[in-house]
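Enquirer: I have a structure I would like to understand better, so I am pasting it below and will then ask my questions one at a time.
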Amino acid sequence: MMLHRTLATTLFAASFFAATSLPAQAPSVALVSPRAVLPGQTTTIKITGGNLANSTQIWTSFPAQATLTPNVDKNNTNAAEVTYDLNVPPEAPVGLHGLRVVSRTGVSNLYFYFVDDLKSVAQTKPNDKPENAQVLTVPCAVDGQVDNLSRNYYKFTAAAGQKITLEVWARRLGTPLDPIIRLLDPAGKQVELSDDAIGLFGDSRISATCAVAGDYTVELRDIRFQGGDPYKYRLRIGDFPAVTVPFPLSVPRGVSTPIAFAGNDLSTLLPPNIQPATPESQNWLTLGAKYPEGVSSGLTILGVSDGAEFIEQEPNNDAEHANAVELGKSLNGRFEQPQDTDLFTFDAKKGQAFVFSAITRQQGSPADLNLRLLKADGSQVAAAEDFDPLEDGRINFTFPEDGKYTLVVTDLHGRGGPEFAYRIAVKPASPLAQLQISADSLSVPQEGVALVTVTAQRHGYGGRIQLKLRNAPEGISLPETIIPAGKDAITATITSTGGINQGGLTLGQIYGILPDAGNAEIPGRLVTHFRTSHNNIPQSPMQLTSDLALAASPRPQYVLRTNAQQIQLAKGLSFPVKVSALRIADFNEAIPLATEPAKDGLPAGVAAALKPVEANTNQTEIVFTADDKAAPGTYNVVLAGAAKLGDQTIAQATPSFQVTITDPFALRVDNPAAPLKKGAAIKVVAHIDRIPAFQQALTLSWTNLPAGVTAAPAEIPAGHTGPIEITLTAAADAPAGPVKDLQLKAEVALGMIKHEKVLPVALTIE
């Protein structure tokens, strides 16, 4: 998604690994009050968290101008809080967005934040009983928090016949609150209750018409009666429609498309026209839905695609009425009633390979699709495959013959209704894999290294994945990093040459290239990171899952470097790597070293004799050794330092370097240019190419020498590289003709491990 910068930005990226404690910590955001800004207005927001003093800017994913609020005591000098005025233009899109704080010490975590056309109201406690219910003037939105074993009560006045919608955002914000709400009429009688509203991932929503005029009460609690400071919510109360998703769920980039919405009681909604002139990196838009006379919006997200979108035409419930589509168009449909079935038919050619990917839950639709692909005779050739219980299914299929095929789409549980819209993305097949990035923000120290874990989600692709960093500024880079075939996770290092402007920010993306699949590109996502950092959030906001915020932080007391970016090892060999500590003045502490991660930080069969950089020294040597279990391949290794300065741990790491397990030597032979004459001798030239770790002597020997031909004993001395001559002598009675199966063998024993190379040699005796 294209993210707007609130101030001029530069860059960059972050030190972030377990037990890291740098002298100058990056900002962190715990709470922003209020949790929304109004379009077309200036809103004063208070940000609380840590290391917030001397902030340089507020970054938002929506257009805004941020200035420090004047006349606030200790504003921007208090590490625990800072206050800004956010001026938001009227055209800012309503919906869930993101906010970060940037300072000269780095960039904060991403905080989920709203642009909302409902005025924000702070909760006033106590409001834990009906008699002390907080009085509201609706429409509004309350930013609140539930205590343990408690309820929150709110009261508002409504006219007879007034339509009202109440919606709780809690699980969708990543808070642990599992909300349940009740709406009570002026007599205290329950109008409606909502626990898990469909499409809201555990959140609650009520749409009701107030039968009589008077004061209505809202009761809100956790379904388990749990509570505490993390149990926060945003309660929206207004005249907005109860929408789940826009329809279609995605529109082609740059093409004007009328948009409807899925949800209850939407007959009077006027469909807007959307023509997203978005860059290729922006695949999601936040989108609001209003009634014609309404003042508040239902919140949705809209996909933006690079291909054509087809909208189903009813009836298409059976083979006779199946919608004819062109293979490659993505499909948008609805289940208007329970047990609804949608059929799409298309022509395919033998050998064409396509992926049909269901898209529902990630945009807020409650539909759980069941996909079946049929031949013209009705026989099934493929069905949806669910890789992840939190993701929708897909079919990856290569068509075995020319013909007409039908895609049958149903809800897995036979459900239907106005909320049950869906999209099926149809694209030419590519390797099914994606990357999960372990952080949404990185602060890279000057001349130092930031660590981030990258995990491959493989769905049938088991080959190598080369990591790349897009949109990195000059001076910031990702060293050559490859996730080996069959491995899923790796520690990547973002490195800085220094001289990066502090106090700025840029948005980068880590992505992957598949060298074993035609260099196909796969995306990096933050979905797993948000699940981990936001109380197992049931669905990450897709509009915020692509970009990694990168900002510069001060140089630490030391940085680490190695004398090699790549080393080669063979079974039975060792090789030293020098690790240098570039210290600032007066920092002379010992720097213990470990692999990062400590477990599985080295390839199987490789050991490292770890030693610290001793106090008052600047270098140590780590010897790497490969045993007989080392598997051929290239692996990335990171060494992490953790120095103590008083009670503080100062952590830094080396840029990742590659360890390649290979053969210790290669053998090449120049075949004799002329025949070997009887009674004469000839020189055969062999070439030995060594890896640097291998300097031992080698023995050369022949197999299948014919009768009458002898070879002088040959040994390649230790350290020798390049050509070596071997003399072959033929007796006068040696049989003439081509020599069959003549071979030259080079061999060496490294402890109990034997290495040999055998090559054929072409020789004729005359």
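Residue numbers are given in numbering that gives the first Met the number 0: position 195 of the sequence shown equals residue 194, and the series is strictly consecutive.
The beta carbon of each residue, even a glycine, is placed where N, CA and C say it ideally should be.
Under the assumption that A509 contacts L468 (Cβ atoms under 8 Å), give the Cβ distance between them as a whole number of angstroms.
Expert: Position 510 of the sequence shown, counted from the start, is the residue given in the question as residue 509. Position 469 of the sequence shown, counted from the start, is the residue given in the question as residue 468. The residue you asked about is not Ala; residue 509 is Ile in the sequence shown. Yes, they are in contact, since the Cβ atoms of I509 and L468 sit about 6 Å apart, within 8 Å.
Enquirer: Secondary structure at V684, three-state DSSP: helix, strand or coil?
Expert: As a working note, residue 684 is residue 685 in the sequence shown. Three-state result, V684: strand.
Enquirer: Can you tell me the Cβ-Cβ gap for P691 and Q567, rounded? I've got them flagged as a contact below 8 Å.
Expert: Reading the sequence shown from its first residue, position 692 is the one you call residue 691. Reading the sequence shown from its first residue, position 568 is the one you call residue 567. So it is a contact: roughly 6 Å between Cβ atoms.
Enquirer: Please decide whether V605 counts as near chain D, where near means a Cβ-Cβ distance under 8 Å.
Expert: The structure shown has no chain D; it contains just one protein chain.
Enquirer: Which residue from A731, T661 and N272 puts its Cα closest to that of V250?
Expert: In the sequence shown, residue 250 corresponds to position 251, counting from 1. Checking every option, the nearest Cα to that of V250 belongs to N272.
Enquirer: Report the CB separation of I46 from E80 in whole angstroms; it is logged as a contact under 8 Å.
Expert: Counting from 1 along the sequence shown, the entry for residue 46 is found at position 47. Counting from 1 along the sequence shown, the entry for residue 80 is found at position 81. Right, the Cβ-Cβ distance comes to about 6 Å (below 8 Å), so this counts as a contact.
Enquirer: Distance check for S579 and D367, CA to CA, integer angstroms please.
Expert: Working through the sequence shown from its first residue, we reach residue 367 at position 368. Working through the sequence shown from its first residue, we reach residue 579 at position 580. Taking the straight line joining both Cα atoms gives about 55 Å.
Enquirer: Count the C-beta pairs between the stretch 683-703 and the stretch 741-756 that are closer than 8 Å, then say yes if the count reaches three, no if not.
Expert: Judged by Cβ distances under 8 Å, the stretch 683-703 makes contact with the stretch 741-756, as three or more pairs qualify.
Enquirer: Start and end of the beta strand (DSSP E) containing S532?
Expert: Counting from 1 along the sequence shown, the entry for residue 532 is found at position 533. Not the beta strand (DSSP E): S532 falls in the alpha helix (DSSP H), residues V526 to S532.
Enquirer: Which partner residues of R333 appear in the DSSP bridge assignment?
Expert: On the sequence shown, position 334 is the one that residue 333 refers to. A420, per the DSSP bridge assignment.
Enquirer: Three or more C-beta pairs closer than 8 Å, one from the stretch 750-759 and one from the stretch 712-726: is that the case here?
Expert: Short answer: they don't touch.
Enquirer: For a test of the three-state rule: what should DSSP assign to A121, helix, strand or coil?
Expert: Indexing the sequence shown from 1 puts residue 121 at position 122. Residue state, collapsed to three classes: strand.
Enquirer: By Cβ distance below 6 Å, which residues in the same chain neighbour V324 in space, the five residues on each side in sequence not counted?
Expert: One-based indexing of the sequence shown puts residue 324 at position 325. Cβ within range, chain order: F309, F343 and F345.
Enquirer: Once DSSP output is grouped into helix, strand and coil, what is the label at T127?
Expert: Numbered from 1 along the sequence shown, position 128 holds the residue referred to as residue 127. Before going further, note that residue 127 is Asp rather than Thr in the sequence given. Residue state, collapsed to three classes: coil.
Enquirer: With respect to the beta strand (DSSP E) encompassing D367, which residues constitute its N-terminal and C-terminal limits?
Expert: By one-based count along the sequence shown, residue 367 stands at place 368. Note, D367: premise wrong, no beta strand (DSSP E); not H, not E.
Enquirer: Determine which residues share a DSSP beta bridge with S255 and list them.
Expert: To locate residue 255, count along the sequence shown from 1; it is residue 256. Its beta-bridge partners do not exist; DSSP assigns none.
Enquirer: By Cβ distance below 7 Å, which residues in the same chain neighbour A383 in space, the five residues on each side in sequence not counted?
Expert: Here the question's residue 383 lines up with position 384 in the sequence shown. Excluding sequence neighbours, A383 sits near A357, L368, N369, L370, G392, R393 and I394.
Enquirer: Would you be able to state if there are at least three C-beta pairs under 8 Å between the stretch 146-157 and the stretch 207-214?
Expert: Verdict: yes, contact present.
Enquirer: Which of the three DSSP states is assigned to A614 in this structure?
Expert: Position 615 of the sequence shown, counted from the start, is the residue given in the question as residue 614. Correct three-state label for A614: coil.
Enquirer: Determine the extent of the beta strand (DSSP E) in which P444 is found, giving its start and end residues.
Expert: Taking the sequence shown and counting its residues from 1, the one referred to as residue 444 is at position 445. Counting along the chain, the beta strand (DSSP E) containing P444 begins and ends at S440 to P444.
Enquirer: Applying the 10 Å Cβ sphere with the 16-neighbour rule, what's the burial state of P33?
Expert: Within the sequence shown, the letter at position 34 stands for residue 33. Label assigned to P33: buried.
Enquirer: Since G227 and D146 should fall inside the 8 Å C-beta cutoff, what is the C-beta to C-beta distance between them, to a whole number of angstroms?
Expert: If you number the sequence shown from 1, residue 227 lands on position 228. If you number the sequence shown from 1, residue 146 lands on position 147. The pair is a contact, with the Cβ atoms about 7 Å apart (cut-off 8 Å).
Enquirer: According to DSSP, is R171 helix, strand or coil?
Expert: One-based indexing of the sequence shown puts residue 171 at position 172. Three-state DSSP puts R171 in a helix.
Enquirer: Between the alpha carbons of K124 and A140, how many angstroms are there, rounded?
Expert: Sequence index remark: in the sequence shown, residue 124 carries index 125 (1-based). Sequence index remark: in the sequence shown, residue 140 carries index 141 (1-based). If you take the alpha carbons of K124 and A140, they lie about 16 Å apart.
Enquirer: Tell me, please, whether the stretch 445-453 touches the stretch 403-410 by the rule of three or more beta-carbon pairs shorter than 8 Å.
Expert: Contact between the stretch 445-453 and the stretch 403-410 is absent, because fewer than three Cβ pairs lie under 8 Å.
Enquirer: With which residues is I509 paired in a DSSP beta bridge?
Expert: In the sequence shown, the residue the question calls residue 509 occupies position 510. Note: I509 sits in a beta bridge opposite L468.
Enquirer: What's the C-alpha gap between F61 and K128?
Expert: The residue you call residue 61 lines up with position 62 of the sequence shown. The residue you call residue 128 lines up with position 129 of the sequence shown. Each residue's Cα considered, the two are about 38 Å apart.
Enquirer: Once you ignore the five residues that flank N126 on each side, which residues in its own chain have a CB closer than 8 Å to its CB?
Expert: Residue 126 sits at position 127 when you count from the first residue of the sequence shown. Counting only Cβ-Cβ distances below 8 Å, and skipping sequence neighbours, we find A132, Q133, N151, Y152 and Y153.
Enquirer: When you compare each of S203, T174, I44 and A710 to L182 by their alpha carbons, which one comes out closest?
Expert: Along the sequence shown, read from residue 1 onward, the residue named residue 182 stands at position 183. Selected option, being the one with the closest Cα: S203.
Enquirer: Counting beta carbon pairs with one atom in the stretch 160-168 and one in the stretch 234-249, are three or more of them shorter than 8 Å?
Expert: The stretch 234-249 is in contact with the stretch 160-168.
Enquirer: Taking only runs of the beta strand (DSSP E) that begin and end inside the stretch 527-600, which ones reach a length of at least 3 residues, in chain order?
Expert: As far as the stretch 527-600 is concerned, its whole beta strand (DSSP E) runs of at least 3 residues are 547-552, 557-561, 565-568, 573-582 and 592-594.
Enquirer: Could you give the first and the last residue of the continuous beta strand (DSSP E) run that contains Q433?
Expert: On the sequence shown, position 434 is the one that residue 433 refers to. Per DSSP, Q433 belongs to the beta strand (DSSP E) from A432 to I436.
Enquirer: Consult DSSP for E765 and reduce its assignment to one of helix, strand or coil.
Expert: Your numbering for residue 765 matches position 766 in the sequence shown. Coil, per DSSP.
Enquirer: Compute the Euclidean distance between the alpha carbons of E311 and I423, then round it to the nearest angstrom.
Expert: Counting from one through the sequence shown, the residue named residue 311 turns up at place 312. Counting from one through the sequence shown, the residue named residue 423 turns up at place 424. Taking the straight line joining both Cα atoms gives about 11 Å.
Enquirer: Among L609, T136 and V526, which has the Cα closest to the Cα of K577?
Expert: Mapped onto the sequence shown, residue 577 falls at position 578. It is L609.
Enquirer: Residues in the same chain with beta-carbon distance under 6 Å from V26, minus the five sequence neighbours each way, listed in chain order, please.
Expert: Taking the sequence shown and counting its residues from 1, the one referred to as residue 26 is at position 27. Sequence check: residue 26 is Pro here, not Val. The residues are N50, L51, V100, S102 and S107.
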